[in-house]
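Please read the structure below before turning to the comments.
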Amino acid sequence: MPELPEVETTLRGIKPYLLGKTVTAVMVHEPRLRWPVEANLAQMVTGQTISGLNRRGKYLLLETSSGRLMIHLGMSGSLRVVKNGIARRKHDHLELVISTGKVLRFHDPRRFGSVFWLPNTEGHELIDNLGPEPLSKDFNADYLFEASRGRRITVKNFVMNSKIVVGIGNIYANEALFMAAILPSRVAGTISRRRYGTLVEKIKLVLTNAIESGGTTLRDFVREDGSPGYFKLELLVYGLAGEPCKRCGRILTESRVGNRSTVFCTRCQR
DNA sequence: AGTCGCGCCTGGCGGC
DNA sequence: TGCCGCCAGGCGCGAC
0 MPELPEVETT LRGIKPYLLG KTVTAVMVHE PRLRWPVEAN LAQMVTGQTI SGLNRRGKYL
60 LLETSSGRLM IHLGMSGSLR VVKNGIARRK HDHLELVIST GKVLRFHDPR RFGSVFWLPN
120 TEGHELIDNL GPEPLSKDFN ADYLFEASRG RRITVKNFVM NSKIVVGIGN IYANEALFMA
180 AILPSRVAGT ISRRRYGTLV EKIKLVLTNA IESGGTTLRD FVREDGSPGY FKLELLVYGL
240 AGEPCKRCGR ILTESRVGNR STVFCTRCQR
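Right, dumping it as structure tokens:
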């Protein structure tokens, strides 16, 4: 499930192959993604030179002089760089052929991902109103505390809201709340400034550590070379319901918060 | 305005 | 062994 660390890992992996390179062809094999791939996308991107690669939340941005290609990996998406001529696999929906003889392939079995072309002159509602980057200084205890006042949703749903802060999905929300010793079901508006300080610190820590491990591979996620991310080995609670808490030994509990699998320790988290 | 539930989609897995 | 139903969840959307 690509969250910020998986998208960042992908960005760092593909960057050396694409930066300063020219796209010589674009093939859209399956336009039926989360949002339909626009019919003119290939025409707009072909011939463009990629002048920068960036990430905003879970969106990858391939910058050119006339606009940017926005890619979201959805639930099961991945990007791989292969040599031109390697056989296409099932669910390889879109390809960018690069002047160097490499090909960037967008692979997404469940098709929850999306690909957009965004001209320089236009904004896009999907990225224009996002919250701060969690690894930036704009994301701090005061910000999160103030943003939470009056909110009746659970703290877990609160930090998974991309309008509040980008990049945190179910896995890292579970992990950060465990590390911060906060129960996922706590009401966001009733948590103290001090505890939000701890939560901010743990969110930054878990995301940073996960990036260092190349992200978390549960099923679908792979790096640009097809290799998995290894942060699964360092998960403390996600996927570990029924196992003893690594901190106190009590059996970890699983429930549904916001209709998503939530794992926590009833002793360590309050 | 904030909150909640739905649905998109495929593949893996448990149960029978 | 095979089939069926459930589940995984990012995220926009409609309803209240």
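Using numbering that gives the first Met the number 0, you'd call the opening residue of the first sequence number 0 and step up by one each time. For glycine and all other residues, C-beta sits at the position ideal for the given N, C-alpha and C. Just so you know, these numbers come straight off a predicted model, no measurement behind them.
* To do: Determine the DSSP secondary structure at residue 113, reduced to helix, strand or coil.
  => strand
* To do: Indicate whether the contact test is met: 3 or more Cβ pairs, each with one atom in the stretch 1-16 and one in the stretch 138-147, closer than 8 Å.
  => no
* Asked: Measuring CA to CA, which of 20, 53, 32 and 43 is closest to residue 6?
  -> 53
* Boundaries (first-last residue) of the beta strand (DSSP E) holding residue 239 -> Unbroken run through residue 239: none, as it is neither H nor E.
* Asked: Taking 8 Å as the line, does the beta carbon of residue 22 fall inside it for any heavy atom of the ligand NAP?
  -> In terms of ligand content, the structure shown is empty, and the ligand NAP therefore cannot be addressed.
* Going by DSSP, what residues sit across from residue 129 in a beta bridge? -> Looking at the DSSP assignment, residue 129 forms no beta bridge with any residue, so it has no partner.
* Is it true that the CB of residue 70 sits closer than 9 Å to the CB of residue 58? -> yes
* Asked: Do the CB positions of residue 78 and residue 211 come within less than 9 Å of each other?
  -> no
* Have a look at the DSSP bridge pairing and note the partners of residue 51. => 62
* Could you round the C-beta distance between residue 234 and residue 3 to whole angstroms and report it? I think they count as a contact, below 8 Å. => So it is not a contact: roughly 15 Å between Cβ atoms.
* Look at the alpha carbon of residue 228 and the alpha carbon of residue 46, and state the distance between them as a whole number of angstroms. => 33 Å
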